[in-house]
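J.:
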Amino acid sequence: MRVLIFADGGRDIGMGHAVRMKLLAGAILNKCSITFYTNKEASSYLSADQWEVIIKPDKGQKEFIVREINRQAPDLLIFDLLDMPCDWLEEIRRHSSARIVFFEEKREHVIHLCDAVINGIYSGLKSRTMKMGRAVIYKGPEYIILHPDFEKAKQHYQLRKECRTILVSLGGSDPKKLVFKVMEACRRIPDIQRKQVIIVMGAAAAHADDVRTLIAQMPYAEMVRQTNDMAALLTRADMAVVSGGITLYETICTGVPCIVLSQVAHQTVTAEKFAARGAAVHLGLGEHTPADVLARHMSELAADYPRRLGLHQNGTPLVDGRGIKRAAAILYDL
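Per our numbering, the sequence shown runs over residues 145 to 478.
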């Protein structure tokens, strides 16, 4: 099956789209021939020997995409783009008979032009399927695209009574630079010297060098840059401070009790749903959360094993880590 995947990433929009599609491409590679179309910022991250990566031009993207679809004659088109204009899709429909799949799409006029829409994030915590025009919509955490290692991590993770290790992961680009607020909060925790703080910085985080400089003054902290094994890092953690994107789902899936600092408004919706189920502590938009408030919540949660255990027990049933298998099966069946 000939597959074209369109996904962007970078400092401003984050890396979630690119990360999700790279994982999915790896899952379907044995049955598909794949070409990625992306922006310049995400091209190095998506590069791999198993597929071709083509950088889209900054201008005239609609015409470029239509030309490439005509040239490649794909069987399947996958789009994970933020607010792709509807007229692009209408033009593609006029020129191609390929099946079309969108990820995380809510606009009804776009959905009506698709064959399938997979919304793991843009929905509640109850998974379901529904029809809208020609499209089948798959909603809920059952369809979240996570690395297969998280399913294994979920089975092996054990929550310790003593909180020794705190993991910090604020997305691939940390656009609001919330890591500095977390580092300041750590300095205000009385017994932080007795703990280990692991700070994960994505490849798109432009301020990583500044973080590394500050960590040199924090003997209890270490920085991990662009890890390919987030599941292994989470299994070491007794609690976590995360943003409200894919990292939140990874953390809930593994079973690590977490505090959420949302980077953008739409992340607050997801984080509030987990908080309402007793599966996370949500402090709202991170840029509006004072460091002393964050420090208090971190210190209290680290010291309160029954509360951490409650978050762990409430969260683990909500995300099973098998979404990538379900998404691949959906694509094969189209």
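Virtual Cβ for every residue (Gly too), placed ideally from N, Cα, C.
The structure presented is a predicted model; accordingly, all values stated were derived computationally and were not measured.
Below 8 Å on the Cβ atoms is my guess for R146 versus D219; work out the distance and round it to an integer in Å.
T.: Contact flag correct, Cβ pair sits at about 5 Å.
J.: Please state if the CB of A242 and the CB of V261 are separated by a distance shorter than 9 Å.
T.: No.
J.: Would you kindly work out how many angstroms separate the C-alpha atoms of Y287 and A352, rounded to a whole number?
T.: So the alpha carbons of these two residues sit roughly 31 Å apart.
J.: Out of L377, M367 and A349, point me to the one whose CA is closest to G357's CA.
T.: The sequence given here places Thr at residue 357; Gly does not occur at that position. The shortest C-alpha separation from T357 is found at M367.
J.: If you compare alpha carbons, which of R237, P285 and Q411 is closest to L314?
T.: Among R237, P285 and Q411, the Cα nearest to that of L314 is on Q411.
J.: Roughly how many whole angstroms lie between the Cα atoms of E444 and G158?
T.: Their backbone Cα atoms lie some 30 Å apart in a straight line.
J.: Please report the residue range of the alpha helix (DSSP H) in which T357 lies.
T.: Note, T357: alpha helix (DSSP H), A352 to I359.
J.: DSSP puts Q340 in a beta bridge; with which residues?
T.: Paired residues: T309.
J.: In the DSSP assignment, find the alpha helix (DSSP H) that holds D231 and state where it starts and stops.
T.: First-last of the alpha helix (DSSP H) with D231: C230 to H239.
J.: Give the secondary structure of I288 by DSSP, where H, G and I count as helix, E and B as strand, and everything else as coil.
T.: The answer is coil: DSSP assigns I288 none of H, G, I, E or B.
J.: Entirely within the segment 151-204 and at least 3 residues each: give me those beta strand (DSSP E) ranges in chain order.
T.: Listed in chain order, they are 177-182 and 196-199.
J.: For Q194, does the count of other Cβ atoms within 10 angstroms reach 16, so buried, or fall short, so exposed?
T.: Looking at its Cβ environment, which holds fewer than 16 other Cβ atoms inside 10 Å, Q194 is exposed.
J.: What ranges does the alpha helix (DSSP H) occupy inside the segment 370-444, keeping only unbroken runs of at least 4 residues that lie completely in it?
T.: List check, alpha helix (DSSP H) in window: 374-379, 390-398 and 409-420.
J.: Take the Cβ of D224 as the centre, count every other Cβ of all protein chains shown within 10 Å, and call the residue buried at 16 or more, exposed below.
T.: By the neighbour-count rule (16 or more Cβ atoms within 10 Å), D224 is buried.
J.: Can you tell me where the beta strand (DSSP E) holding A279 begins and where it ends?
T.: Run containing A279: A279 to K283, per the beta strand (DSSP E) assignment.
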